[in-house]
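Okay, so here's the structure we're looking at.
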Amino acid sequence: MEEPKVELFTEVREENGVKILVLRGEVDLSNSERLKDALYDCLEGAPGNLVVDLNGLDFMDTTGLGALVAGLKRARQGGGDLSLVCGRGHLRKIFSLTGLDNVFSIYDNLQRCLDTLGQGD
Numbered sequence: 029m030e031e032p033k034v035e036l037f038t039e040v041r042e043e044n045g046v047k048i049l050v051l052r053g054e055v056d057l058s059n060s061e062r063l064k065d066a067l068y069d070c071l072e073g074a075p076g077n078l079v080v081d082l083n084g085l086d087f088m089d090t091t092g093l094g095a096l097v098a099g100l101k102r103a104r105q106g107g108g109d110l111s112l113v114c115g116r117g118h119l120r121k122i123f124s125l126t127g128l129d130n131v132f133s134i135y136d137n138l139q140r141c142l143d144t145l146g147q148g149d
């Protein structure tokens, strides 16, 4: 019996001059490289802030965390930053348990994140 395919949907948009990568579905070993590629594509040639909206994710494993950390490193190397929007308790718990809540700026909702980023201008 074949394993069901894990779906990850990505959408890139911009609000108030900030690029936003919206994720829906699930992230695991089978598609975490695609997430990393999407992060790198968003950061390519455009130093600045990238916001990743995780509120549409139902599941993310440690390979997804690894992709986000790689994206954060790439953003900071380019003089920018990567912020997360995550109001889902089960996902927030992953960041808390791994200590990554001290590494990433994590916001409950997109508007709060954009408001905070706008204050830095």
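Residue numbers (the numbering used here): 29 to 149.
Glycine residues also receive a C-beta, built at the ideal position from the N, C-alpha and C atoms.
Beta carbon of residue i: closer than 8 Å to some heavy atom of the ligand MG?
i, result
"Q105", "With respect to small molecules bound, the structure shown includes none, and the ligand MG cannot be examined in it."
Once the 5 residues before and after residue i are set aside, which same chain residues still bring their CB inside 6 Å of it?
i, result
"F87", "E54"
"G76", "G108"
"F132", "L112"
"D149", "Unreliable positioning characterises D149 in this predicted model, as indicated by a pLDDT of 45, which lies under 50. The coordinate reading is nonetheless provided below. Once the five neighbours on either side are set aside, D149 has no close Cβ partner at all."
Quick one: grab the DSSP three-state call for residue i.
i, result
"D149", "In this prediction, D149 scores a pLDDT of 45, lower than 50, which makes its location untrustworthy; no coordinate-derived value is stated."
"V131", "coil"
"V97", "helix"
"D86", "strand"
"G92", "helix"
Between which residues of its own chain and residue i is the CB-CB distance below 7 Å, once the five residues before and five after are set aside?
i, result
"N44", "L142, G146"
Any idea which residues DSSP pairs residue i with across the strands?
i, result
"V113", "D81, Y135"
"K47", "E42, L78"
"D37", "The sequence shown places Phe at residue 37, not Asp. In DSSP, F37 forms a bridge with R52."
Keeping to the same chain, check which residues put their C-beta closer than 8 Å to that of residue i; ignore five residues upstream and five downstream.
i, result
"G84", "F37, V50, L51, R52, G53"
"A95", "V55, S60, E61, L63, K64, L67"
"L15", "Past the boundaries of the shown model lies residue 15; the chain is included only from 29 to 149, so the question cannot be answered."
Quiz prompt | Every unbroken alpha helix (DSSP H) inside the region 49-73 [4 residues or more] | solution = Restricting attention to alpha helix (DSSP H) runs no shorter than 4 residues, the region 49-73 encloses them at 60-71, ordered along the chain.
Exercise. For the region 113-121 and the region 66-75, state whether three or more C-beta atom pairs, one from each stretch, are separated by less than 8 Å.
Key: The region 113-121, when compared against the region 66-75, does not touch it at the 8 Å Cβ threshold.
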